[in-house]
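All residue numbers for the sequence shown refer to the working numbering, where the first residue is 13 and numbers rise by one. Cβ coordinates follow ideal geometry from the N, Cα and C atoms, glycine included. Only a predicted model underlies this, so the values are computations on that prediction, with no experimental measurement involved. Below: the structure, in structure tokens.
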Amino acid sequence: MSATAQHRITRLATLTAVHRAFHWLHLHQPQLRQWQLEMVRIPAPSFSESARAAWFLERFHDLGLTTIHLDKEGNALAELASVRPSSNTRCILLSAHLDTVFPAGTLCEPRQFDNSPRIYAPGICDNAAGLTALLGIAAALRYAHITPPIPILFAANVGEEGEGDLRGMRYLFEQGSYRNRIAAALALEGGGTNTTVTRALGSTRLSITVNGPGGHSWADAGAPNPILILSRILTAIAEIDLSTEPLTTLNAGHISGGTSINSIPESATVLLDLRSTDPGYLRAAEADIRKICDDFLPALPPQRSTSPATNITIRNIGNRPAAALPDDSPLLESLRAVDRHLTLRTEQRLGSTDANIPLSLGIPAMAIGTGGSGGGIHTLQEWYDPTGRETALRRILLTLLDITHAIAEDQVI
Numbered sequence: 013m014s015a016t017a018q019h020r021i022t023r024l025a026t027l028t029a030v031h032r033a034f035h036w037l038h039l040h041q042p043q044l045r046q047w048q049l050e051m052v053r054i055p056a057p058s059f060s061e062s063a064r065a066a067w068f069l070e071r072f073h074d075l076g077l078t079t080i081h082l083d084k085e086g087n088a089l090a091e092l093a094s095v096r097p098s099s100n101t102r103c104i105l106l107s108a109h110l111d112t113v114f115p116a117g118t119l120c121e122p123r124q125f126d127n128s129p130r131i132y133a134p135g136i137c138d139n140a141a142g143l144t145a146l147l148g149i150a151a152a153l154r155y156a157h158i159t160p161p162i163p164i165l166f167a168a169n170v171g172e173e174g175e176g177d178l179r180g181m182r183y184l185f186e187q188g189s190y191r192n193r194i195a196a197a198l199a200l201e202g203g204g205t206n207t208t209v210t211r212a213l214g215s216t217r218l219s220i221t222v223n224g225p226g227g228h229s230w231a232d233a234g235a236p237n238p239i240l241i242l243s244r245i246l247t248a249i250a251e252i253d254l255s256t257e258p259l260t261t262l263n264a265g266h267i268s269g270g271t272s273i274n275s276i277p278e279s280a281t282v283l284l285d286l287r288s289t290d291p292g293y294l295r296a297a298e299a300d301i302r303k304i305c306d307d308f309l310p311a312l313p314p315q316r317s318t319s320p321a322t323n324i325t326i327r328n329i330g331n332r333p334a335a336a337l338p339d340d341s342p343l344l345e346s347l348r349a350v351d352r353h354l355t356l357r358t359e360q361r362l363g364s365t366d367a368n369i370p371l372s373l374g375i376p377a378m379a380i381g382t383g384g385s386g387g388g389i390h391t392l393q394e395w396y397d398p399t400g401r402e403t404a405l406r407r408i409l410l411t412l413l414d415i416t417h418a419i420a421e422d423q424v425i
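Structure, rendered in structure tokens:
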């Protein structure tokens, strides 16, 4: 870490306006908690985030942000205008994902017990904690009358989880009106104060479906059974020799098919998740899976000519690119300087987050914890404790402000 970075952060932290922002964060922890309780009550399964996005547009308006709108993918966006507003000025993205892993109909009412600060609710940590931080940073900056040297783009984005496949981020960086303007990105993700994800874990997701003629378990005995065929395919897939360095993993996460115990099913489907830090190993594992499926049908017994043909289809339902923030990146240097100032230990991690997309495009990015602690992530027993959240929010605010100045001064980041 350079002495210059440390000097910048030390000076930044002494500014009166920054102290006012810190003061807001200190005094308004109850407001943050209230926002978090309100938003977690609004269901937001992937592909059904519109109600929560609308709630965010209202909060952005209340906070006095500008250029408030919903883009074509459903991301709720707003800006904190810069000293010299312009439609083509570079900006920095501060985001948090709207969606949860929980399906429609999941009870989202938060629960609290006795006088404990811990809140229980599906999605209360992932990612209501990140979304709360997004509002908290915007509110603190507005309260302190901080006008950044470049615009800060606030995004409550869709489609981070599961089959959402980072669609909100893909749109922002590949098709949206800001796609050529975002110079760096911070994705606010869950709890934790020391953590930051700087290495993007890549993944490939496949859907394999076996179709057959179906029939009655007795009258049509001997007809190809898609569930049994799929089981044999999965047995072969389980024998694929996956790399351990770099680590490459394969998981069969969901199986569906059939209608009753005495019916030969017409179809059976499995969803597969492949992960690796190396895209080459992901491609190799996918090729092995496709070859197993291609080789399987010719090995089946001959079918009756009157029966519909048995077939196997493979669909790619998700691709998350692998990438990494260089260790000498000024963005990481800034965070380390902030952590030293706050007497924190920087914990760099590997993960699959919204930061995957900008990192894969060579844009400096990281996913950063928003304070407090959580557990039971992606389960109905998920919980979050906001104790200590203020330190993490200071960490985010200082890093954000330092990078806006670096970008404005045309430093390479």
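- My guess is that T260 and S288 are in contact by the Cβ rule of under 8 Å, so how many angstroms apart are they, rounded? 4 Å
- Determine the DSSP secondary structure at S268, reduced to helix, strand or coil. strand
- What residue does the beta strand (DSSP E) around C103 start on, and which one ends it? 103-109
- Round the Cβ separation of W36 and A151 to the nearest angstrom and send it over; I've been treating them as touching at under 8 Å. 6 Å
- Given that a residue counts as buried once 16 or more other Cβ atoms are within 10 Å of its Cβ, and exposed if not, what is T247? exposed
- Query: For Q187, is the classification buried or exposed, using 16 other Cβ atoms within 10 angstroms of its Cβ as the cut-off for buried?
  - Reply: exposed
- Item | Proximal residues to G204 (C-beta, below 6 Å), its chain only, five neighbours per side dropped | G381
- Where does P115 land, buried or exposed, given buried means 16+ other C-beta within 10 angstroms? exposed
- Query: Where does V209 land, buried or exposed, given buried means 16+ other C-beta within 10 angstroms?
  - Reply: In the assembly as shown, V209 is a buried residue. Its beta-carbon has 16 or more other beta-carbons within 10 Å.
- Query: Which residues mark the beginning and the end of the beta strand (DSSP E) in which W395 is found?
  - Reply: 395-397
- So V170 is in the beta strand (DSSP E); what residue range does that whole segment cover? No beta strand (DSSP E) contains V170, which DSSP labels as neither H nor E.
- Message: Quick check on S317: does DSSP put it in helix, strand or coil?
- Response: Any answer about S317 is weak, because its pLDDT of 47 lies below 50 and its placement is not dependable; what the coordinates show is given next. DSSP places S317 in coil when its eight states are reduced to three.
- Task: On a CA-only basis, which of N223, N169, R20, P163 is nearest R63? Give me that one, please.
- Result: It is Ala, not Arg, that sits at residue 63 in the sequence shown. Considering only alpha carbons, the answer is N169.
- Message: Judging by CA-CA distance, which residue of G142, R32, L69, T112 is the nearest neighbour of E91?
- Response: L69
- Item | Residue closest to G174, alpha-carbon to alpha-carbon, out of D340, D285, P238, L89 | Looking at the Cα atoms, D285 is the closest of the given residues.
- Three or more C-beta pairs closer than 8 Å, one from the stretch 120-139 and one from the stretch 48-60: is that the case here? Yes, the stretch 120-139 is in contact with the stretch 48-60.
- Item | Sheet register partners of Q360 (DSSP bridge) | Partner(s): T208.
- C-beta contact flag for L262 and R217 at 8 Å: no
- With DSSP collapsed to three states, give me the class of G388. coil
- Message: According to DSSP, is I375 part of a helix, a strand, or is it coil?
- Response: Look at I375 here: in three-state DSSP terms it is coil, with no helix or strand label.
- Item | Length of the line joining the Cα atoms of S317 and S243 | Caution applies to S317, whose pLDDT of 47 falls short of 50 and renders its modelled position unreliable; the model cannot decide the point.
- Query: So what does S128 bridge to, in DSSP terms?
  - Reply: S128 is not bridged to any residue.
- Item | Residue range of the unbroken beta strand (DSSP E) whose run includes A418 | Careful: A418 lies outside any beta strand (DSSP E), inside the alpha helix (DSSP H) at 401-420.
- Message: Restricting to Cα atoms, I'd like to know which of A280, I326, S279, I273 is closest to A299.
- Response: I326
- Query: Given 8 Å as the limit, is there contact between the stretch 219-231 and the stretch 389-404, that is, 3 or more CB pairs closer than that?
  - Reply: They do not touch, by the three-pair rule.
- Message: Rounded to whole angstroms, what is the Cα-Cα separation between A196 and D177?
- Response: 21 Å
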